[in-house]
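Chemist: So that you can map any letter, position 98 of the sequence shown is 825 in this note's numbering, and since no number is skipped, the others follow by simple counting. We treat Cβ as the ideally placed atom computed from N, Cα and C, and that holds for glycine. Would you mind keeping the following structure in view while I ask a few things?
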Amino acid sequence: MTEESQRSAADHPPLRPSAASDAGRIRPGLCSVTFRRLPAAEVVRLAVDAGLEVIEWGADVHAPAERPGAVRAVREVSARHGLVCCSYGSYFRATPAELAKFPAVARAAVLLGAPRIRVWAGATGSRETRPDERHETVRCLREAARIAADHGLELATEFHGNTLTDTVASTLRLLDEVDADNVRTYWQPPQNTPDEEALAGLVALGDRVTAVHVFSWWPGNNRLPLADRRDLWVAALALQAGRGVEALLEFVPGDDPAVLAREAETLRRAAG
728 MTEESQRSAA
738 DHPPLRPSAA
748 SDAGRIRPGL
758 CSVTFRRLPA
768 AEVVRLAVDA
778 GLEVIEWGAD
788 VHAPAERPGA
798 VRAVREVSAR
808 HGLVCCSYGS
818 YFRATPAELA
828 KFPAVARAAV
838 LLGAPRIRVW
848 AGATGSRETR
858 PDERHETVRC
868 LREAARIAAD
878 HGLELATEFH
888 GNTLTDTVAS
898 TLRLLDEVDA
908 DNVRTYWQPP
918 QNTPDEEALA
928 GLVALGDRVT
938 AVHVFSWWPG
948 NNRLPLADRR
958 DLWVAALALQ
968 AGRGVEALLE
978 FVPGDDPAVL
988 AREAETLRRA
998 AG
């Protein structure tokens with residue numbers, strides 16, 4: 728760890744250790760982007776009232792890396808209400824054009840008290856990406872992992888279309904290529920994928936999954952109550968039992984704060 732990052736970590740210690748040390752229990756939480764139009768304090772209130780334990784703060788609205796004052800305020804309001812920040816939801820795309828910005832992202836994560844940064848594996852899908860572009864994304868992720876490690880942080884790639892983590896096979900290959908102990912991946916059910924196929928992918932990813940983004944879409948991006956795909960989530964979270972991951976509500980029907988308590992209760996029941 729560099730002298731600068733040691734000072735930063737000392738000034739802003741994490742609110743809690745990472746989920747891996749939390750006795751293997753699945754912790755229910757919220758992605759702040761679920762309610763990106765609301766002030767951070769209101770997002771915290773909603774999460775706490777719904778009985779959620781952790782939050783992934785998004786870098787787009789609530790905690791931009793270029794606004795340390797806003798990041799500090801988000802950390803403080805979370806701490807006042809006992810809501811643990813489990814990750815920093817960045818939009819770093821691991822491209823050469825963005826690599827110079829990553830140290831600021833890492834500093835913001837430390838200031839926020841987040842043990843992990845969510846990152847994106849490039850800006851094109853695995854089938855469309857040229858070999859040289861894939862090589863560059865791997866290089867940038869490897870360098871970001873080094874910077875993150877210097878700050879005592881982990882990275883996790885968003886499991887998402889139009890990136891190199893758009894399929895299970897490409898995700899596993901990418902993690903092998905980056906070959907860094909502090910890099911794992913998120914998981915979410917791929918759009919329009921039947922339950923059995925989605926769960927098979929989660930099994931294949933195994934312990935390389937550090938958190939799951941929880942929502943109920945079917946078909947396409949039609950947002951349903953979480954209970955409408957309860958069987959999927961009961962099975963998915965059973966596969967994560969004992970691994971200390973977080974299950975983070977990411978989308979709710981209509982972006983409606985009034986349904987969060989209901990969705991959080993469904994999530995807790997699914998997690999057992």
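Assuming LEU880 and ALA833 make a contact with CB atoms under 8 Å, what is their CB distance in whole Å?
Modeler: Sure, about 6 Å apart at Cβ, within 8 Å.
Chemist: Can you give the Cα-Cα distance for LEU901 and ALA871, rounded to whole angstroms?
Modeler: Each residue's Cα considered, the two are about 14 Å apart.
Chemist: Going by beta carbon distance, what residues of the same chain come within less than 7 Å of PHE978, once the five residues before and after it are set aside?
Modeler: Hits under 7 Å: THR761, PHE942, ARG950.
Chemist: Which stretch, first to last residue, makes up the alpha helix (DSSP H) that contains TRP960?
Modeler: Per DSSP, TRP960 belongs to the alpha helix (DSSP H) from 957-967.
Chemist: Quick one, are the C-beta atoms of GLY778 and ALA991 less than 7 Å apart?
Modeler: Against a cut-off of 7 Å, the Cβ pair of ALA991 and GLY778 comes out as a contact.
Chemist: Based on the DSSP output, what are the partners of ILE844 in its beta bridges?
Modeler: Paired residues: TYR815, LEU882.
Chemist: Apart from the five residues just before and just after VAL865, which ones in its own chain have a Cβ nearer than 8 Å to its Cβ?
Modeler: Once the five neighbours on either side are set aside, the close Cβ partners of VAL865 are LEU901, GLU904, VAL905.
Chemist: Excluding the 5 residues flanking THR898 on each side, which residues of the same chain have their C-beta closer than 6 Å to its C-beta?
Modeler: Taken in chain order, the residues that qualify are THR892, THR912.
Chemist: Checking the sheet assignment: what are the DSSP bridge partners for ILE782?
Modeler: According to DSSP, ILE782 bridges with LEU757, CYS812.
Chemist: Measuring alpha carbon to alpha carbon, tell me which residue in ALA907, ALA876, ARG957, ASP877 is nearest PRO1005.
Modeler: Because the chain in this structure spans residues 728 to 999, residue 1005 falls outside the shown range and cannot be described.
Chemist: For PRO830, which residues of its own chain have a beta-carbon under 7 Å away from its beta-carbon, when the five flanking residues on both sides are left out?
Modeler: Same-chain partners within the cutoff: ILE874.
Chemist: Taking Cβ to Cβ, would you say VAL804 is nearer than 7 Å to VAL771?
Modeler: Yes, they are a contact pair.
Chemist: Between which two residues does the alpha helix (DSSP H) containing THR912 stretch?
Modeler: Not the alpha helix (DSSP H): THR912 falls in the beta strand (DSSP E), residues 910-914.
Chemist: Label PRO755 either buried or exposed according to how many other C-beta atoms from any shown protein chain fall within 10 Å of its C-beta, with 16 as the threshold for buried.
Modeler: So PRO755 counts as buried.
Chemist: State the DSSP-derived secondary structure class of ALA938, mapped to helix, strand or coil.
Modeler: Of the three classes helix, strand and coil, the one that applies to ALA938 here is strand, per DSSP.
Chemist: Select from GLY751, LEU773, ARG763, ILE753 the residue whose C-alpha is nearest the C-alpha of VAL986.
Modeler: The shortest C-alpha separation from VAL986 is found at LEU773.
Chemist: THR851 to ARG995, Cα distance in whole Å?
Modeler: Spanning the two alpha carbons is a distance of roughly 35 Å.
Chemist: So ALA938 and LEU975 are supposed to be a Cβ contact under 8 Å. How far apart are they, rounded?
Modeler: 6 Å between Cβ atoms; contact.
Chemist: Can you have a look at VAL910 and say buried or exposed, based on whether 16 or more other CB atoms are within 10 angstroms of its CB?
Modeler: Counting Cβ neighbours within 10 Å, VAL910 comes out buried, since at least 16 surround it.
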